[in-house]
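So the protein sequences, as listed, match chains A and B.
Quick note, the first sequence lines up with residues 1 to 353 if you use our numbering.
Quick note, the second sequence lines up with residues 1001 to 1353 if you use our numbering.
Ideal Cβ placement from N, Cα and C applies to all residues, glycine included.
Below is one structure, written out as structure tokens; the observations come after it.
There are 2 protein chains.
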Amino acid sequence: MDGVYALILAGGRGTRFWPLSRRNNPKQCIELGGERPLLAQTVSRLQKLVPIERILIGTGVEMEDAVRRILPDLPKENVLVEPWGRNTSPCIGWGAVEVGRRDSSAVLVVCPSDHVVADEDGLIEAIKSGVLAARSTNHIVTLGIEPTRPETGFGYLELGPVAGTWGNHEVSSVARFVEKPNPETAQRYLDGGTHLWNAGMFVFTVGSIRDAYRSHLPRSAEALERIARDGSAIASEWGNLDATSIDYGIMERERHILTIRLNVGWSDVGTWTAAGETMPKIPGGRGVADEVFQRDSKDCVVHAPGKAVALLGLDGIVVVDTPDAILVMHADRSQQVGDLVRTIEEHGLKDLT
Amino acid sequence: MDGVYALILAGGRGTRFWPLSRRNNPKQCIELGGERPLLAQTVSRLQKLVPIERILIGTGVEMEDAVRRILPDLPKENVLVEPWGRNTSPCIGWGAVEVGRRDSSAVLVVCPSDHVVADEDGLIEAIKSGVLAARSTNHIVTLGIEPTRPETGFGYLELGPVAGTWGNHEVSSVARFVEKPNPETAQRYLDGGTHLWNAGMFVFTVGSIRDAYRSHLPRSAEALERIARDGSAIASEWGNLDATSIDYGIMERERHILTIRLNVGWSDVGTWTAAGETMPKIPGGRGVADEVFQRDSKDCVVHAPGKAVALLGLDGIVVVDTPDAILVMHADRSQQVGDLVRTIEEHGLKDLT
């Protein structure tokens, strides 16, 4: 699609996939269930929309090597290496500047690097409609996911009035962005049908996002202007960018935001347990291993490529083997892995994370 | 103790300790809980009774290398390598012949290689009393363990009248050997106080055991006579020895057997779960690993030397890591590991066992 660029945010560590995910090999770069890394899948998906020359990756210093290894065809200058992690708004601002330098009337599609989408064509069609809407209205367009469960781990966006139709999609206004709800509220959102999951996918013109930074993050906007004039200023200006998320810094403050409702089999693959749901079937559950033997075991998730695994009398146990660390946990604890990684770091065992 | 020899039976594979135990590195040769191998512990214990020159080891072809590696000080000729496994009576018969060749009036102490004893001095004192009783009566003396639980996995021996006192021990006749009981019978044995566990420890003169083979296993006795005349006949005569256990072939048939009651903190270390009880404490349970992190976990058993292990939300889970295989099981399944090994072999994956 002409004049369209994509920015994939690949700066997260994905600590919930420890011990497979590490600082220098984050969630988006690991092979889950024997599949290609999520980052590679994300790039392939976006290549249905734009050529790889117009795909940019924002990532961190420690994971730069892994990103380049996974994406050998990506132009070297398309990797934006953040000097250090400062949440999402600095990287998106930098990406918009970089794209604006190449094409001042470009539309930028921003998306995470570590999600999966079953209906890729459906997603691409929606992005195309989003591009049309963004160009036509000069508003930021978000892609919202129809909830399929009362999820408390995501932010939501509340649907406002219909703004019009672009492409094949009806586009609505966003009434407001809301924070992660409690279980009762999440259930109400699910039942009500007027809330969508905020999946971190945005479409905007480089002009409209520049205006939004000026309005809501003026200090960032000034730093970004200096970076626009001199790309080499990134190192010195990075600390002047507000270390805040795009949601909190821009989206929740911007009055006119549009959204397209998506039902495309999206998953954020948030935990080992969630990832396990789509892994290959093995005796006793799902996962990857050289051989699996089981007795009276079910709903287990196994990551042990190159090894034989035996599961006896287990129900819903996750087993992740790596050369220097093993994680064994009940499936309902998969949200706690990130905490665990912090504990390990507090013990001074940074080599393990 | 003069004129006394020991024969340690180290021919078992100990499949219940898979994946750490293998054909060429059986249970008695592995390091459980960071301790020396059980075979090395058994030899050290018996060295309180006899010098190492008078300790013989019966083992199998595949595990010979492991035995010699663990016991570098053992004279080469003291390892009796069974041409192939034929249960315990051939090896004990061979050991008695070998000892008789060195000292025709010797007393032989037979014991397993893979048990632990907390009170080693208590055991040695009892063996000494057994040697006196065996010499004095020319009967076979067994060492029986006072039951501490209604165990259904062992054979028992029923106490008969007291036969006399030797050393510091009252020695009783054995009324009969009984097979593994059902749970109700095991409870009755425990409550009754007149049954001991048959732990496979025997003391006898070489003359008395030769007579017993002549009476109960005459075909074996003839083959043993030929081996006694020509040690090199072992390969050709091995198939002529009855492939039966010493319990079934001799003990259950012999009329006059004596026993000494032992309360020495004995354990057969039968499973990962049993072995775990004496391993070092770690967060979340017991075992060996480089680092262990846990949340809401208890009563786990871990064998993962050289690795970090994280346990989240686990209760009574056993984790055993080796370079090519991992076992994860509920502690109450530890008896099933042997079955699992047979399944793996049936799948043609002999490399893993």
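So residue i contacts chain A; which residues on that side make the cut at Cβ distance below 8 Å?
| i | result |
| --- | --- |
| threonine 1353 (chain B) | Within 8 Å Cβ-Cβ: nothing; threonine 1353 (chain B) doesn't reach chain A, min ~10 Å. |
| histidine 1303 (chain B) | Neighbours of histidine 1303 (chain B) on chain A: none; closest Cβ ~11 Å, over 8 Å. |
| leucine 1340 (chain B) | Phe293, Arg295, Ala310 and Leu312 |
| threonine 1343 (chain B) | Phe293 |
| leucine 1349 (chain B) | Glu291 and Ala308 |
Where does the unbroken alpha helix (DSSP H) through residue i begin, and where does it stop?
| i | result |
| --- | --- |
| isoleucine 127 (chain A) | 120 to 137 |
| aspartate 321 (chain A) | Element bounds for aspartate 321 (chain A): not the alpha helix (DSSP H) but the beta strand (DSSP E), 317 to 321. |
| alanine 1091 (chain B) | The residue you asked about is not alanine; residue 1091 (chain B) is cysteine in the sequence shown. Segment 1088 to 1102, the alpha helix (DSSP H) holding cysteine 1091 (chain B). |
| glycine 1338 (chain B) | 1337 to 1346 |
| isoleucine 1140 (chain B) | Isoleucine 1140 (chain B) -> not in any alpha helix (DSSP H); beta strand (DSSP E) instead, spanning 1140 to 1145. |
| threonine 185 (chain A) | 183 to 192 |
| leucine 349 (chain A) | No alpha helix (DSSP H) contains leucine 349 (chain A), which DSSP labels as neither H nor E. |
| leucine 312 (chain A) | Here leucine 312 (chain A) belongs to no alpha helix (DSSP H); instead the beta strand (DSSP E) covers 300 to 312. |
| threonine 1042 (chain B) | 1038 to 1046 |
| aspartate 65 (chain A) | 64 to 70 |
Give the residues of chain B in contact with residue i, contact being defined as C-beta atoms less than 8 Å apart.
| i | result |
| --- | --- |
| alanine 275 (chain A) | Near alanine 275 (chain A) there are no residues of chain B at all, since even the closest Cβ is about 16 Å away, more than 8 Å. |
In the DSSP assignment, the beta strand (DSSP E) including residue i goes from what residue to what residue?
| i | result |
| --- | --- |
| leucine 408 (chain A) | Lying before the first or after the last residue shown, residue 408 (chain A) is absent from chain A, which here runs from 1 to 353. |
| isoleucine 55 (chain A) | 55 to 60 |
| proline 1051 (chain B) | Counting along the chain, proline 1051 (chain B) falls outside any beta strand (DSSP E), and DSSP gives it neither H nor E. |
| isoleucine 8 (chain A) | 4 to 10 |
| arginine 176 (chain A) | 169 to 178 |
| threonine 1205 (chain B) | 1195 to 1205 |
| isoleucine 326 (chain A) | 325 to 330 |
| leucine 80 (chain A) | 79 to 82 |
| leucine 108 (chain A) | 107 to 112 |
Could you tell me if the beta carbon of residue i falls within a distance shorter than 7 Å of some heavy atom in the ligand COA?
| i | result |
| --- | --- |
| serine 1297 (chain B) | What this structure holds is no ligand at all, so the ligand COA is not there to describe. |
Q: Taking only beta carbons into account, state which residues of the stretch 322 to 335 of chain A come closer than 7 Å to chain B, listed in chain order.
A: Answer in chain order: Asp324, Ala325, Ile326, Leu327, Val328, Met329, His330, Asp332 and Arg333.
Q: Name, going along the chain, the residues of the stretch 292 to 320 of chain A whose beta-carbon falls closer than 7 Å to a beta-carbon of chain B.
A: Of all residues in the stretch 292 to 320 of chain A, only Phe293, Arg295, Ala304, Lys307, Ala308, Val309, Ala310, Leu311, Leu312, Gly313, Leu314, Ile317 and Val319 come within less than 7 Å of chain B when Cβ atoms are compared, listed by chain position.
Q | Sequence ranges, beta strand (DSSP E) only - wholly within the stretch 211 to 292 of chain A, length at least 3 | A | Entirely contained in the stretch 211 to 292 of chain A, the beta strand (DSSP E) runs reaching 3 residues are, in chain order, 257 to 262.
Q. Going along the chain, which residues of the stretch 5 to 23 of chain A sit with their C-beta nearer than 7 Å to a C-beta in chain B?
A. The stretch 5 to 23 of chain A vs chain B, Cβ under 7 Å: nothing.
Q: Decide if the stretch 1061 to 1071 of chain B is in contact with the stretch 1020 to 1037 of chain B; the criterion is three or more beta carbon pairs, one per stretch, under 8 Å apart.
A: With the cut-off at 8 Å, the stretch 1061 to 1071 of chain B and the stretch 1020 to 1037 of chain B touch.
Q. Are the stretch 82 to 93 of chain A and the stretch 113 to 120 of chain A touching, with three or more C-beta to C-beta distances below 8 Å?
A. The stretch 82 to 93 of chain A makes no contact with the stretch 113 to 120 of chain A; the number of CB pairs closer than 8 Å stays below 3.
Q) For the 8 Å Cβ check, are there 3 or more pairs between the stretch 214 to 227 of chain A and the stretch 126 to 140 of chain A? A) As far as the Cβ criterion goes, the stretch 214 to 227 of chain A does not touch the stretch 126 to 140 of chain A, which means the pair count is below three.
Q) How do the stretch 198 to 214 of chain A and the stretch 36 to 50 of chain A stand: do at least 3 beta-carbon pairs fall below 8 Å, yes or no? A) The stretch 198 to 214 of chain A is not in contact with the stretch 36 to 50 of chain A.
Q.
Does the stretch 1321 to 1332 of chain B come into contact with the stretch 1013 to 1026 of chain B, if we say contact requires no fewer than three beta-carbon pairs (one atom in each stretch) closer than 8 Å?
A. Contact between the stretch 1321 to 1332 of chain B and the stretch 1013 to 1026 of chain B is present: three or more C-beta pairs spanning the two stretches fall below 8 Å.
(Q) With three or more beta-carbon pairs closer than 8 Å as the criterion, would you say the stretch 187 to 197 of chain A touches the stretch 230 to 250 of chain A? (A) Contact between the stretch 187 to 197 of chain A and the stretch 230 to 250 of chain A is absent, because fewer than three Cβ pairs lie under 8 Å.
**Q.** Cβ contact (3+ pairs, closer than 8 Å) linking the stretch 256 to 265 of chain A and the stretch 116 to 131 of chain A
**A.** These segments touch.
Q.
Taking contact to mean 3 or more Cβ pairs, one atom from each stretch, closer than 8 Å, check whether the stretch 283 to 294 of chain A and the stretch 31 to 46 of chain A are in contact.
A. Yes, since at least three Cβ pairs between the stretch 283 to 294 of chain A and the stretch 31 to 46 of chain A fall closer than 8 Å, the two stretches touch.
Q: Tell me, please, whether the stretch 1237 to 1255 of chain B touches the stretch 333 to 352 of chain A by the rule of three or more beta-carbon pairs shorter than 8 Å.
A: These segments do not touch.
(Q) Measuring CB atoms only, is the stretch 1178 to 1190 of chain B touching the stretch 1151 to 1166 of chain B, in the sense that at least three cross pairs come out at less than 8 Å? (A) By the Cβ criterion, the stretch 1178 to 1190 of chain B is in contact with the stretch 1151 to 1166 of chain B, since at least three pairs of Cβ atoms, one from each stretch, lie closer than 8 Å.
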